[in-house]
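I have placed the structure first, in the form of C-alpha cells, so that the comments after it can refer back to it.
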Amino acid sequence: MNAVQPQHKKVSRRARLAVGGAVLGAVALAGIGAVSANASAPAKAPAAAAAVSAPAKATTTSTHLTIDAATRAAQAALDAAEKEHQRVTVAVVDRNGNTVVTLRGDGAGPQSYESAERKAYTAVSWNAPTSELAERLKQAPNLKDIPGTLFLAGGVPVTAQNAPIAAIGVAGAPSGALDEKYAQAGAEAVTGR
Numbered sequence: 001m002n003a004v005q006p007q008h009k010k011v012s013r014r015a016r017l018a019v020g021g022a023v024l025g026a027v028a029l030a031g032i033g034a035v036s037a038n039a040s041a042p043a044k045a046p047a048a049a050a051a052v053s054a055p056a057k058a059t060t061t062s063t064h065l066t067i068d069a070a071t072r073a074a075q076a077a078l079d080a081a082e083k084e085h086q087r088v089t090v091a092v093v094d095r096n097g098n099t100v101v102t103l104r105g106d107g108a109g110p111q112s113y114e115s116a117e118r119k120a121y122t123a124v125s126w127n128a129p130t131s132e133l134a135e136r137l138k139q140a141p142n143l144k145d146i147p148g149t150l151f152l153a154g155g156v157p158v159t160a161q162n163a164p165i166a167a168i169g170v171a172g173a174p175s176g177a178l179d180e181k182y183a184q185a186g187a188e189a190v191t192g193r
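Anchor point for the sequence shown: position 188 equals 188 in the UniProt record's numbering, and the numbering is continuous, going up by one each time.
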C-alpha cells in the first residue's frame, strides 16, 4: 500500500517574510487605532456607579413628623394620662408605620407597649381614629386579620393637608375612650388644634 504523503508547496523565504510583515503591520495598526480611539474619548464611569436623575413625574415628596415633634406628642399624651393617674404606654409612628418614639409610663402593663404601637400603626394606615375603625369591623370583620393592626380605641392620626404624616397610639387605661383622649392630647400638642 502506498502511503500518500502530503505535498507542501515551497514558499520562498521572501514571500514568508512579506506575509508575516503584513500581518504584523495590520495588528500593530489595529492596536494603535484602538489606543488612539481610547485616548481621544473620555473614560466613562461604570454603569453601576453613574448617577441617574429621575424625572420629576417619577418622584414624590412626603411630609414626616420630626423626632422633636414626635417626642413632644408622646410626652403630652403621657402627661395627660398621668394627670388622671392612668398608667399607659404611648407610641408615635411615622407615615410608614415605623415607630419613632415610645414612652412607657411608670406602672404601665406589659401588654400596653405592643398595643400602643399597633393602635398607632392602624390609625396611620387608614388615616382615621381607631375607635372609628373598630366600628368598621361590623361591616368588614376581616380587617382585623391584617398583620400589625389593632382595632381598639386609642389611636389617632396626625395629618398635614389631609394626609397622614404620623399617628399616636395609647394603651393601658381602663377604657379605649380614655386611651384615645390621651392620644388626642398628644396630637394637639403638635398640631395646635
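Ideal Cβ placement from N, Cα and C applies to all residues, glycine included.
As assigned by DSSP and simplified to three states, the class of A134: helix
DSSP bridge partner residues for A163 (one or two, in chain order): A160
Burial state of K181, where buried means 16 or more other Cβ atoms lie within 10 Å: buried
Proximity below 8 Å, CB of R118 to CB of V190: no
Nearest-angstrom Cβ-Cβ length linking A80 and T102, presumed shorter than 8 Å: Their Cβ separation, rounded to whole angstroms, is 16 Å, which puts A80 and T102 out of contact at 8 Å.
Spatial neighbours of A171 in its chain, beta-carbon cut-off 7 Å, leaving aside the 5 residues before and after: V88, T89, S112, S115, A116, K119, G154, D179
D94, buried or exposed, once every other Cβ within 10 Å from all chains shown has been counted against 16: buried
CB contact flag (S128, L65, <8 Å): The question names Ser, yet the displayed sequence has Ala at residue 128. It is not a contact, given that the beta carbons lie outside the stated cut-off.
Buried/exposed call for G192, threshold 16 Cβ in 10 Å: exposed
When A123, G97, Y121, Q86 are compared against G109, the one with the closest alpha-carbon: Q86
Buried versus exposed call for A134 [16 or more other C-beta atoms within 10 Å across all chains shown]: buried
Same chain, Cβ closer than 8 Å to T130, neighbours up to 5 away in sequence not counted: K119, T122, A123, L150, F151, L152, A153, G154, G155, V156, G169, G176, E180
6 Å CB neighbourhood of A69 in its chain, flanking five on each side removed: V190
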